[in-house]
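J.: In the order they appear, the protein sequences are chains H and Y.
Each residue of the first sequence is one higher than the last, beginning at 29 in my numbering.
Each residue of the second sequence is one higher than the last, beginning at 29 in my numbering.
Number of protein chains: 2
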Amino acid sequence: MTSDFEARLRAVSLRVTRPRLAVMAALTDHPHVDTDAVIALVRADLPTVSHQAVYDVLRALTDSGLVRRIQPAGATARYEMRVRDNHHHVVCRSCGAIADVDCAVGNAPCLTASDDHGFVIDEAEVVYWGRCPACVSKRPEGIP
Amino acid sequence: MTSDFEARLRAVSLRVTRPRLAVMAALTDHPHVDTDAVIALVRADLPTVSHQAVYDVLRALTDSGLVRRIQPAGATARYEMRVRDNHHHVVCRSCGAIADVDCAVGNAPCLTASDDHGFVIDEAEVVYWGRCPACVSKRPEGIP
DNA sequence: CGGCAAAAGTGGAACGATTCCAGAAAAGGG
DNA sequence: CCCTTTTCTGGAATCGTTCCACTTTTGCCG
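(1) Closest to TYR107/Y by CA distance: which of CYS120/Y, SER122/Y, ILE126/Y and ASP150/Y is it?
(2) For the putative contact between VAL129/H and ASP143/Y, defined by C-beta atoms under 8 Å, what is the C-beta separation to the nearest angstrom?
(3) Is it buried or exposed, VAL119/H, if we count other Cβ atoms within 10 angstroms and call 16 or more buried?
(4) Starting from ASP32/H and walking both ways along the alpha helix (DSSP H), at which residues does that stretch end?
(5) Run through chain H and tell me which residues come within less than 9 Å of VAL155/Y, C-beta to C-beta.
(6) Please say whether GLY102/H and ALA105/Y have beta carbons closer to each other than 9 Å?
(7) Comparing C-alpha positions only, which one of ASP150/Y, PRO75/Y, ILE98/Y and VAL95/Y sits nearest to TYR156/H?
(8) Return the chain-ordered ranges of every beta strand (DSSP E) run that is complete within the stretch 79 to 117 of chain H and spans a minimum of 3 residues.
(9) I need the straight-line Cα distance from SER78/Y to VAL85/Y, nearest angstrom please.
(10) Who are the neighbours of PHE33/Y on chain H, taking C-beta pairs under 8 Å?
(11) Kindly list, in the order they appear in chain Y, the residues whose Cβ is closer than 8 Å to that of CYS120/H.
(12) What is the rounded straight-line gap between the Cα of LEU49/Y and the Cα of VAL61/Y?
(13) Classify ILE171/H as helix, strand or coil using the three-state DSSP reduction.
(14) May I ask which residues mark the beginning and end of the alpha helix (DSSP H) holding ASP57/Y?
(15) Would you identify the three-state DSSP class for ARG121/Y, choosing helix, strand or coil?
Here is the structure:
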């Protein structure tokens with residue numbers, strides 16, 4: 029597993045460091061976590077890692093395409109390892125929980141805007157907003 | 029025009045105040061502006077309005093559905109008056125420019141996730157990422 | 001028309017996520 | 001094993017936004 033992470037890092041010419049491996053392990057076990065959670069998870073293994081290192085690692089991994097950053101409106105950034113498969117997310121308005129959703133209508137339509145205003149579009153991001161099962165059962169009616 | 033804004037405010041039982049009318053006028057003339065820009069536009073008419081008043085007004089209008097807040101990942105919040113018509117946005121990766129895009133595939137598919145994980149979904153938000161005509165013509169290749 | 005309670009606005013301080021910075025440590029090619 | 005470059009540390013700074021206590025306005029009501 030670690031050697032897999034190593035290979036992926038080398039494939040994008042990033043050096044293999046303990047903080048990077050720890051971040052990749054954390055994201056593999058915990059999809060959709062925010063930076064604070066990543067810091068906590070990484071420090072469980074490597075207690076001396078600085079918050080800045082985690083920010084740097086997340087940026088390096090995101091820039092090189094090994095990690096995907098998702099940032100629902102009004103929330104802090106979250107990260108996941110699942111990448112390059114055009115999946116989307118459902119976000120709970122009450123508790124912020126996130127779940128994966130495969131592309132609703134296949135591949136093509138998601139990337140096709142009705143009028144692109146001359147923009148060169150390379151990605152269509154879809155966020156479904158609603159309430160998760162737990163929040164719905166707590167309060168069947170509207171948001172608290 | 030102002031009387032239209034008044035009517036809309038009263039319709040959602042909000043008091044009619046100068047700052048609120050000024051914000052509505054600013055958003056009508058300038059779609060997709062951020063809070064700073066709204067503050068500047070409002071102060072052109074009412075120089076003494078505090079930044080806090082603008083934040084409060086934007087929140088009140090957004091909560092009551094008169095204004096829509098959009099917040100592309102990694103950018104500050106932006107606001108628009110066009111509301112309740114299920115339109116989406118294209119965002120330029122280089123300069124942050126935003127343009128409106130009508131729903132790509134009609135109404136139904138946009139709200140239909142392939143597997144909703146038990147979430148009660150009430151909205152599907154789509155953001156198209158790419159590069160605007162101006163940025164493409166400046167640097168036809170990748171992002172700077 | 002003038003008064004009153006509730007709603008809005010003012011100005012300034014506080015906050016939280018993220019970034020900037022300069023120096024120390026570690027990675028990996030020769 | 002050494003040297004250059006990349007990465008990490010620790011602390012300060014930034015930026016958008018929110019919190020707070022107090023003052024002003026709005027709009028209902030007599």
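Backbone N, C-alpha and C define an ideal beta-carbon position, used for all residues, glycine too.
T.: Taking the structure as given:
(1) Minimum Cα-Cα distance from TYR107/Y among the listed residues CYS120/Y, SER122/Y, ILE126/Y and ASP150/Y corresponds to ILE126/Y.
(2) Yes, they are in contact, since the Cβ atoms of VAL129/H and ASP143/Y sit about 6 Å apart, within 8 Å.
(3) With 16 or more other Cβ atoms within 10 Å, it is buried.
(4) Taken as a continuous stretch (DSSP letters only), the alpha helix (DSSP H) holding ASP32/H covers 30 to 39.
(5) Residues of chain H with a Cβ closer than 9 Å to the Cβ of VAL155/Y are, in chain order, GLU151, ALA152, GLU153, VAL154 and VAL155.
(6) Yes, the Cβ-Cβ distance between ALA105/Y and GLY102/H is below 9 Å.
(7) Cα-wise, what sits closest to TYR156/H is ASP150/Y.
(8) The stretch 79 to 117 of chain H contains these whole beta strand (DSSP E) runs: 96 to 98 and 106 to 108.
(9) The alpha-carbon of SER78/Y is positioned some 11 Å away from that of VAL85/Y.
(10) Those within 8 Å of PHE33/Y in chain H number zero; the least Cβ separation is about 25 Å.
(11) Within 8 Å of the CB of CYS120/H, the CB atoms of chain Y belong to PHE147, in sequence order along the chain.
(12) When rounded, the distance between both Cα atoms is 16 Å.
(13) With a pLDDT of only 47 at ILE171/H, under the threshold of 50, the placement of this residue in the model should not be trusted; the figure read from the coordinates follows. Of the three classes helix, strand and coil, the one that applies to ILE171/H here is coil, per DSSP.
(14) Segment 46 to 57, the alpha helix (DSSP H) holding ASP57/Y.
(15) Secondary structure of ARG121/Y (DSSP, three-state): coil.
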